[in-house]
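One structure is given below, encoded as structure tokens.
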Amino acid sequence: MPLFVCFNISSFYLFVYFIKNMTMNRGAFGNKSLNTQRPRLDRFVPTRDSLPDLRRRFTRAHRCDDTDHDIWSAKYLQRKKYGEYLAEAFEVVPLMKIQEAQTTEYQKDDFYMNPWPCVPRKKNFLTSADSILDLPTYSYAAFPELLDWSSDNILVAALGRNYHKWSWHTQSLIGQGITQYEIQCCKFEPKGELLALGTDMRMIEIHNNSISKRIGGTACRCVSIDAPCSITAIDWSPTGNSFITGCSRGMLASYSREYKMISWRPVPQAVLAVRVSPNARYVAAAAVNGVVALVMTWPGLHLVSSLDSDWTIKTITWHPWRTALLGVGTVTGSHHAHVAVWDVPTARVQETTLSKSRYSLDAMLFSHKTGELVVSLWNTERQSSSLKTCSQLVVMSGPNTVTDQWGEGQTGVDRVRTMVFSPDGTKLATATAEEDLIIWNFLPEDNAKKKNTMSKRFSSLPAYLDMVTHGVSLR
């Protein structure tokens, strides 16, 4: 073999060994800055910081705030506020009030005017990130729900066959565990004692949180001729006495805390998300790229109702106070972010298109502290033209009211794939496609000491606010 060929082969293997070591040295929850760049495997692709002048020109030419149609844009909010000021100063009835007076009695229903209850913030808080940590290999995950925050303030990130636990109190890694197969989803039990993990090869593993060890598990009921399924979605009931799973073959199954099967139900497609309602009456499910959201009884999985639409469902979430109110995050056929709020017992639906620009919706949560809706959006039109995708985090108190937002005109945060709240509701953790775990200051921390009785009363608040009860809900 010629000498130069041997030299080139040796150099190639040295290069591969170097890159592999660099990737494996990245630890989960390692500290990062907002604009850090991972080592690129392609030496012909320049880093984003290597061409500052080009970066500046791109940022200036392709900003996200070049349209005034977005309800969170500064121009829209400024005009709206100024219009309200002029109407009050000149004692003129605003156009919105005139339109409300001309609406039909059906449209005057309180549900269509105020679809969900909330206590909106009076000023912006979502302005700075508290912490930015590393999530190596998260960008390769097929399903995004690999992040959760326990009631004892421990963040877990499942990456491959390993899961890593990070303490908010100590701001450091406190442990890790391993599963038999690659993890596709994870969820803490409400008290934080157990961690349920859905993996490949049909397996569901239950781990003890204090020792990070498996204490039991079971296999999915579905029978596949071609290949075993993967557990793609999982959620616990609010009491922690049972949990539900969904698999890539479209099987829904409910289990007891001792992982004994209670009931099962097949659906046509791979399951994207499952959510048990706050009062443990219902469970909602949505399929991957599906157009139908199902609501079933819990834990019997008997069909209660379904929401059929022309949209592609991306996520679902229950309101914490109105326990039969389901938020459905979707994308329309014209690639516009769309939110539907569905009151299940009455079958009423309030729909809102968030932007006339091509924004895709990936994650959505109701705040259990304020009742506000948090939506993660990213602009697909900017993906090919900008050095970094334009992303938005939008906090809404109503279908057309934005109380807070981050990301307008910014290019610092990539696509947010999933999000979770801290136990006290003051922090918001987001996992991005660029393997960043960003912990945001969502609300100011309440340093005042509260009595236990107040905590007990707050835990029963959803039952009192539920407008359509079908029985007694024990909290």
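If you count by this note's numbering, then the sequence shown holds residues 4 to 478, one letter each, in order.
Here a beta-carbon is modelled for each residue, glycine too, at the ideal position from N, C-alpha and C.
Point to revise | For Thr383, the three-state DSSP class (helix, strand or coil) | key: helix
Practice item. Name, in chain order, the residues that DSSP records as bridge partners for Phe369. Key: Leu376
Practice item. On a CA-only basis, which of Thr315, Lys317, His339 and Leu310 is nearest Leu328? Give me that one, please. Key: Leu310
**Study point:** Per-residue DSSP class, three states only, for Tyr362
**Key:** strand
Review point. For Val423, which residues does DSSP report across the bridge?
Key: Ala432
Review point. Can you tell which of Val291, Ala288 and Val378 has the C-alpha that lies nearest to the C-alpha of Gly332?
Key: Val378
Review point. Secondary structure at Tyr484, three-state DSSP: helix, strand or coil?
Key: Coverage of the chain is limited to positions 4 through 478, which leaves residue 484 absent and any answer about it impossible.
Check your understanding: Any idea if Ile218 is buried or exposed, counting beta-carbon neighbours within 10 angstroms, 16 or more meaning buried?
Key -> exposed
Exercise for review: Helix, strand or coil for Tyr262, going by three-state DSSP, please let me know.
Suggested key: When secondary structure is reduced to three states using DSSP, Tyr262 falls in the coil class, being assigned neither helix nor strand.
Practice item. Evaluate Ser175 with the Cβ neighbour count: other Cβ atoms within 10 Å of its Cβ, from every protein chain shown; 16 or more gives buried, anything less gives exposed. Key: In this structure Ser175 is exposed. Its beta-carbon is surrounded by fewer than 16 other beta-carbon atoms within 10 angstroms.
**Study point:** Any chain D beta carbon closer than 9 Å to Thr335
**Key:** Included in the structure is just one protein chain, with no chain D present.
Review point. Count the other CB atoms within 10 Å of the CB of Tyr143; is the residue buried (16 or more) or exposed (fewer)?
Key: Answer is exposed; the Cβ neighbour count stays below 16.
Check your understanding: Where in the region 157-230 do unbroken runs of the alpha helix (DSSP H), each at least 4 residues long, occur, reported from the N-terminal end onward?
Key -> none
Point to revise | Touch test, the region 148-156 against the region 419-428, Cβ-Cβ under 8 Å, three pairs minimum | key: yes
**Study point:** Cutoff 7 Å; reference Glu185; Cβ partners in own chain excluding five residues on either side
**Key:** Gly163, Arg164, Thr202 and Asp203
Point to revise | Coarse secondary structure for Ser233, derived from DSSP in three states | key: coil
Practice item. Excluding the 5 residues preceding and the 5 following Cys188 in the sequence, name in chain order all residues of the same chain whose CB lies nearer than 7 Å to its CB. Key: Phe146, Glu148, Leu149, Gly201, Ile234, Thr235, Ala236 and Ile237
Check your understanding: Could you give the distance in angstroms between the alpha-carbon of Val347 and the alpha-carbon of Gly33?
Key -> 42 Å
**Study point:** Alpha carbon of His167 to alpha carbon of Gly180, nearest angstrom
**Key:** 7 Å
**Study point:** C-alpha gap between Asp365 and Gly293, whole angstroms
**Key:** 14 Å
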